[in-house]
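Accompanying notes for the structure given below.
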Amino acid sequence: MKNRLIILMTAITVFVASSAFASVAKEIVMGQGDPVGLLERGSFYNDSSNNIFYNPSYANEYKNWATIEVSRYAVPAIAGATAEGGFVNAFGSWVLGFYMNRSDATRGSYTNAVSHRPFDLIIASDMGMKWGLGITFGGYKTGSTTSEKDLTLRAGAQFGELEPYISVKVIGSDKVAAGETKTTGYGGGFKYKWGEWTPYLAYNKLSSPTGNMNYGWGMGIGRNTKVGEAHLTYAIALWEDLGPKRWIIPVDMALEGSLTSWLKARAGFTYNLIDITKEVTTGADTTNARVGATINVSKVDFDWVVGHTGFAGGSEVVSGKSFDLASGFFTAASLTYHW
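If you count the sequence shown from 1, you need to add 48 to reach our numbering.
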């Protein structure tokens with residue numbers, strides 16, 4: 049396959065009185081700003097609790113919460129995963145996180161990824177320098193000849209305004225009677241907090257004997273600022289990924305506002321200004337929108353995403369031009385408690 053060059057102008061995100069905590073249900077609507085799929089969860093330039101899954105040091109900021117999520121949303125890595133949850137708790141200067149069944153935790157050349165039952169273990173602390181370590185493990189075994197194992201190690205830190213992270217897939221094994229397929233992978237990057245601006249750089253490579261599955265790099269700059277009572281974030285980046293040469297300039301936009309003191313509504317929108325492959329083929333119109341809301345009472349948040357039935361296989365999706373409240377009002381939902 050030939051390399052493709054992706055130029056991204058992404059993620060103009062506007063929201064009012066928003067919490068940095070981001071459940072899956074909320075992140076689906078607000079967007080990630082990751083066009084080549086380097087991130088499993090989180091955002092390069094937005095402050096989000098899901099950032100702990102690529103830089104464990106962020107657990108120092110996002111701690112003392114527990115959440116349970118249910119979803120019919122078909123995630124890219126494992127379609128059909130429906131339940132996940134976990135907690136992050138502080139013990140003095142130490143922070144411990146344990147998260148179960150994260151739907152995109154194990155990536156690789158696997159036959160039965162939906163059976164992995166993965167978990168994430170995160171340890172973090174602030175000793176003048178904030179740091180964190182993460183372990184992701186998943187797998188299954190059936191009979192004496194068929195098994196799968198996935199083990200990924202992660203590390204991250206915050207040196208003042210510099211926030212680097214790395215990840216290495218230590219084990220990526222898919223064994224069957226005919227032999228074994230191994231997946232290898234590594235990645236890393238950093239962000240730098242420069243006032244309201246956040247320059248960032250990221251690289252990731254995930255490959256198996258059949259080829260590269262997730263390979264690319266990107267660099268860009270994002271901004272977090274306030275406009276009146278609103279919080280505005282946006283970013284511009286340059287990305288390179290495998291495949292036919294492709295140029296794309298997508299714009300992501302999201303809006304969140306308080307309807308009452310206890311109810312917030314949000315919507316996200318993605319539109320491609322330019323989408324050209326090999327300079328001759330214009331990509332199909334993939335414009336999509338998502339809507340959701342949060343009910344907040346005391347220390348409890350209930351997030352959900354409104355979806356509709358997909359065009360094939362009856363799958364639930366939260367984006368597109370069709371809309372059907374009856375079939376997917378709770379396409380994804382979560383209950384989170386903070387203490």
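Virtual Cβ for every residue (Gly too), placed ideally from N, Cα, C.
Cβ atoms of Phe101 and Gly270: under 8 Å apart, would you say? No, the Cβ-Cβ distance between Gly270 and Phe101 is not below 8 Å.
Name the DSSP beta bridge partners of Ser382, please? BP columns for Ser382 point to Glu117, Asp351.
Can you check whether the CB of Gly236 is closer than 8 Å to the CB of Tyr213? Yes, these two residues count as a Cβ contact at 8 Å.
Cutoff 8 Å; reference Asp174; Cβ partners in own chain excluding five residues on either side: The residues Asn108, Ser141, in chain order, have a CB closer than 8 Å to that of Asp174 in the same chain once the five nearest residues on each side in sequence are set aside.
Following the continuous alpha helix (DSSP H) through Ala73, name the residue where it begins and the one where it ends. In the DSSP annotation of this structure, the continuous segment of the alpha helix (DSSP H) that includes Ala73 starts and ends at 72–78.
N-terminal and C-terminal residue of the beta strand (DSSP E) that Thr190 is part of: Where Thr190 is concerned, the enclosing beta strand (DSSP E) stretches over 178–190.
Roughly how many angstroms separate the alpha carbons of Val77 and Thr334, rounded to a whole number? Their backbone Cα atoms lie some 16 Å apart in a straight line.
Which term fits Thr184, buried or exposed, when burial requires 16 or more other beta carbons within 10 angstroms of its beta carbon? Buried, by the Cβ-count rule.
On the three-state DSSP scale, how would you describe Asn405? Within the shown structure, residues of the chain are numbered from 49 to 387, placing residue 405 beyond reach of any answer.
How would you label Pro257, buried or exposed, when you count the other beta carbons within 10 angstroms and need 16 or more for buried? Exposed, because fewer than 16 other Cβ atoms sit within 10 Å of the Cβ of Pro257.
Report all residues from its chain with a CB closer than 8 Å to the CB of Gly156; omit the five preceding and five following residues, and keep chain order. Closer than 8 Å at Cβ, skipping near neighbours: Asp198, Lys217, Gly220, Asp222, Thr231, Gly233, Leu254, Ser256, Met261.
Starting from Phe238, trace the beta strand (DSSP E) in both directions and tell me its first and last residue. It spans 232–240 - the beta strand (DSSP E) in which Phe238 sits, taken as one unbroken run.
Whole angstroms is fine: what's the gap from Lys347's alpha carbon to Phe69's? Cα to Cα, Lys347 sits roughly 12 Å from Phe69.
Return the CA-CA distance between Met301 and Met177, expressed in angstroms with no decimal places. In this structure, the straight-line span from the alpha carbon of Met301 to that of Met177 is close to 34 Å.
On the premise that Tyr248 lies in contact with Phe238, defined as a C-beta separation below 8 Å, what is that separation, rounded to the nearest angstrom? The pair is a contact, with the Cβ atoms about 7 Å apart (cut-off 8 Å).
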